[in-house]
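>
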Amino acid sequence: ASKEEGRNRFHFFTQQMQQDAERTAVIHTALRLALDLEAFELNFQPIVSISTGEIVRAEVLLRWKHEGTYISPEHFIPIAESSGLIVEIGQWVRKEAMKALLELQQINLGFGLSINVSMYEFWSHELQDNLVKSIEDIAVDLTTNPFPFESMVIEITESLLMKNNHHSIQSLTKLRDMGLKVAIDDFGTGFSSLSYLSKFPLDQIKIDKSFIQQSDSDIKQQALVTAITTLSQALGLDVVAEGVEIELELDFVKQAGIEFVQGYYFYKPMSKSELKTLIS
Ligand code: C2E
Ligand code: MG
Ligand code: MG
Ligand code: MG
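Under UniProt numbering, the sequence shown has 700 at position 240, and the numbering climbs by one with no breaks.
Here you go:
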């Protein structure tokens with residue numbers, strides 16, 4: 461009987477894997493098509509400075525409308541990453557975002573945008589070189605004036621820090637030499653050591669919402685966030701709190717000494733035209 465059971469279980473697993481593979485293939489094809497049909501859209505979520513109350517910039521968030529409904533990037537980005545399509549999607553995002561940045565600065569000079577870049581675009585030396593070059597090329601295509609790179613933040617994740625790869629440090633340094641800023645997204649969810657904060661060419665950390673949202677109930681969590689904030693600021697980094705939804709969380713963020721806030725408490729992600737109205 462146990463042999464039979466084993467066979468059944470094996471059968472179940474292979475069937476499951478087969479289904480997952482088919483699902484991935486279907487989504488991959490749909491994403492490919494989405495690029496051609498321009499079924500992607502950008503949303504923008506404002507980031508607020510606590511001391512001035514002003515919106516200083518917005519994070520660019522990708523949206524995919526598939527068969528009438530929006531699919532979360534949490535679902536389709538991993539598939540785009542595993543199939544390599546993330547490179548093309550990333551390029552599309554950066555081109556549209558850089559276009560939007562020029563438009564937004566017509567209304568509000570100095571306004572900034574933060575753009576997510578997948579660590580898969582740092583996978584090889586070649587991909588990294590392409591990333592830097594494509595940003596330069598887009599800028600040249602879009603304007604004959606110097607592009608306002610200093611208003612553009614690239615968000616990467618901790619896992620890239622942990623690879624601690626010499627070439628990725630060089631690529632980030634190149635981007636910073638162009639004027640771009642580098643942020644660590646979802647800080648605290650990976651397992652990077654705090655010493656990376658001083659070793660890497662960084663300008664900003666974004667503390668993950670899981671730390672902010674438990675902040676009201678957990679005193680140790682509060683101590684941790686306050687310590688990370690103090691340390692980061694001592695290293696000259698800007699600190700952004702992600703996922704602030706309620707007043708209690710905002711109070712906590714203020715107490716921790718965090719200067720920038722992104723979250724539903726202030727604004728949800730919105731369309732470009734809504735953002736334009738908001739900042740004009
Ligand atoms: P992220 O970069 O950490 O973006 C912040 C996410 O938190 C966004 O989810 C945003 O809508 C959500 N958020 C903001 N404020 C709140 C809040 O107060 N409460 C809650 N519960 N959520 C809040 P979104 O747009 O679904 O994006 C999810 C993730 O997908 C992003 O996390 C990022 O990792 C990835 N992503 C989105 N756009 C892109 C893109 O253009 N390129 C790449 N490579 N990844 C992207
Ligand atoms: Mg982000
Ligand atoms: Mg984040
Ligand atoms: Mg995230």
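Where is the CB? At the ideal position from N, CA and C, for every residue including glycine. Model, not experiment: these values are computed from the prediction.
Taking the beta carbon of V600 as the centre, do at least 16 other beta carbons fall within 10 Å, making it buried, or is it exposed?
The residue you call residue 600 lines up with position 140 of the sequence shown. V600 should be labelled exposed.
> Run through the region 530-564 for me and flag every whole alpha helix (DSSP H) of 4 or more residues, listed as ranges in chain order.
DSSP runs (the alpha helix (DSSP H)) wholly in the region 530-564: 533-543.
> Does the region 530-548 touch the region 488-497, meaning 3 or more C-beta pairs lie closer than 8 Å?
In short, these stretches touch, since the Cβ pair count reaches three.
> Closest to R554 by C-alpha separation, out of F712, T689, E482, L591, would be which residue?
Position 94 of the sequence shown, counting from 1, holds the residue named residue 554. When only C-alpha atoms are compared, the closest one is L591.
> Using the Cα positions of G550 and A687, report the straight-line distance between them to the nearest angstrom.
Mapped onto the sequence shown, residue 550 falls at position 90. Mapped onto the sequence shown, residue 687 falls at position 227. Each residue's Cα considered, the two are about 34 Å apart.
> For F647, which residues in the same chain have their Cβ closer than 8 Å to its Cβ, ignoring the five residues on either side in sequence?
By 1-based counting over the sequence shown, the position of residue 647 is 187. Around F647: E618, I665, K666, I667, D668, I688.
> According to DSSP, H526 sits in a beta bridge with which residue or residues?
Along the sequence shown, one-based indexing puts residue 526 at 66. The partner list for H526 (beta bridge, DSSP) reads T529.
> Please list the terminal residues of the continuous beta strand (DSSP E) segment that includes F500.
The count along the sequence shown starts at 1 and reaches residue 500 at position 40. Per DSSP, F500 belongs to the beta strand (DSSP E) from 500-509.
> Kindly identify the DSSP beta-bridge partner or partners of K702.
If you number the sequence shown from 1, residue 702 lands on position 242. Checking the sequence shown, residue 702 turns out to be Glu, not Lys. According to DSSP, which records beta bridges pairwise, E702 is partnered with Q722.
> My guess is that M622 and F651 are in contact by the Cβ rule of under 8 Å, so how many angstroms apart are they, rounded?
The count along the sequence shown starts at 1 and reaches residue 622 at position 162. The count along the sequence shown starts at 1 and reaches residue 651 at position 191. With a Cβ gap of about 7 Å, M622 and F651 count as contacting.
> Strictly by DSSP, which residues pair up with T617?
The residue you call residue 617 lines up with position 157 of the sequence shown. Answer is D645, bridged to T617.
> Could you check if E519 belongs to the surroundings of ligand 2, using beta carbon to heavy atom distance under 7 Å?
Taking the sequence shown and counting its residues from 1, one reaches residue 519 at position 59. Result yes, Cβ under 7 Å from ligand 2.
> Go ahead and label I567 buried or exposed: buried means 16 or more other beta carbons lie within 10 angstroms of its beta carbon, across all protein chains shown.
By 1-based counting over the sequence shown, the position of residue 567 is 107. Exposed, since its Cβ has fewer than 16 Cβ neighbours within 10 Å.
> Return the residue from the list S543, Y725, Q715 that minimises the CA-CA distance to E707.
Indexing the sequence shown from 1 puts residue 707 at position 247. Looking at the Cα atoms, Y725 is the closest of the given residues.
> State yes or no: is the C-beta of V699 within less than 8 Å of the C-beta of I718?
Against the sequence shown, residue 699 aligns to sequence position 239. Against the sequence shown, residue 718 aligns to sequence position 258. Yes; because the gap between Cβ atoms is below 8 Å, this pair is in contact.
> Would you tell me roughly how many angstroms separate the C-alpha atoms of Q478 and H526, rounded to the nearest one?
Numbered from its first residue, the sequence shown carries residue 478 at position 18. Numbered from its first residue, the sequence shown carries residue 526 at position 66. Looking at the two C-alpha atoms, the distance is approximately 23 Å.
> Considering only the alpha carbon of each residue, which of M638, Q715, F571 lies closest to V520?
Sequence index remark: in the sequence shown, residue 520 carries index 60 (1-based). Nearest C-alpha to V520: F571.
> If you drop the 5 nearest sequence neighbours on each side, which residues of the same chain put their C-beta closer than 7 Å to that of H585?
Here residue 585 refers to the residue found at position 125 when the sequence shown is read from its first residue. Correct list, in chain order: H627.
> Taking the CB atoms as reference points, tell me whether T730 and F500 lie closer together than 8 Å.
Translated into the one-based positions of the sequence shown, residue 730 becomes position 270. Translated into the one-based positions of the sequence shown, residue 500 becomes position 40. The sequence given here places Met at residue 730; Thr does not occur at that position. No, the Cβ-Cβ distance between M730 and F500 is not below 8 Å.
> Compute the minimum distance between the beta carbon of Q505 and the heavy atoms of ligand 1, and state whether it is under 7 Å.
On the sequence shown, residue 505 is found 45 positions in, with the first residue counted as 1. Under cutoff, so the answer is yes.
> Have a look at T633, K659, V685, A518 and flag the residue whose alpha-carbon is nearest the alpha-carbon of Q565.
In the sequence shown, counting from the first residue as 1, residue 565 sits at position 105. Comparing Cα positions, the closest option is A518.
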